[in-house]
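Below: the structure, in structure tokens.
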Amino acid sequence: MGDPPAVGDHIRGDLSHSDLLQLHIAEYNALRAEQRQRLDLQNKQIQYFGAIVAAAAVALIAFSHDGNRKWELSTFLLVLPILLLPFGLTQQNEEMMVRRLGAYLPNLKNLITSAEDHRYWEWEAFHVES
Numbered sequence: 002m003g004d005p006p007a008v009g010d011h012i013r014g015d016l017s018h019s020d021l022l023q024l025h026i027a028e029y030n031a032l033r034a035e036q037r038q039r040l041d042l043q044n045k046q047i048q049y050f051g052a053i054v055a056a057a058a059v060a061l062i063a064f065s066h067d068g069n070r071k072w073e074l075s076t077f078l079l080v081l082p083i084l085l086l087p088f089g090l091t092q093q094n095e096e097m098m099v100r101r102l103g104a105y106l107p108n109l110k111n112l113i114t115s116a117e118d119h120r121y122w123e124w125e126a127f128h129v130e131s
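With the working numbering, the residue at position 96 of the sequence shown is 97, and numbering never jumps.
Right, dumping it as structure tokens:
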């Protein structure tokens, strides 16, 4: 019977060039949307980070009744990294995923058009250079 086809061979064999091109364009658009969604999530996380720091600082000031602010400030500074660790780890994960998506997109662009055809990718090239 022969060797089984490699992964994806049956899909490419059944699709016309135009259909395959549309498939790659749809994948490109989906990955760009995911990249944008992850960047938006990162921006929200930064806002949450600022809100938590501000709320903790206000709570420290509001609930301090005695004059021993040095002890309260040191406690606040010790607890703050523990509170913010999940935000930092999530931010790092999102950054890694955005970079991985960005590294994959040039391969996909070469499947859509040739590397020499820059008509459709001028913004991409400008954006990477700046």
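Glycine included, each C-beta is placed from N, C-alpha and C at the ideal position. All values reported here derive from a predicted model rather than from experimental measurement.
For a cut-off of 8 Å, the C-beta gap from residue 85 to residue 53 is around 7 Å, short enough to register as a contact.
The DSSP-derived three-state label of residue 50 is helix. In this structure, the CA atom of residue 96 is about 8 Å from the CA atom of residue 43. Here DSSP, grouped into helix, strand and coil, assigns residue 114 to coil. With a beta-carbon spacing of about 34 Å, residue 80 and residue 36 fall beyond the 8 Å limit used to define contacts.
The DSSP-derived three-state label of residue 22 is helix.
In the structure shown, residue 88 adopts helical secondary structure according to DSSP, grouped into three states.
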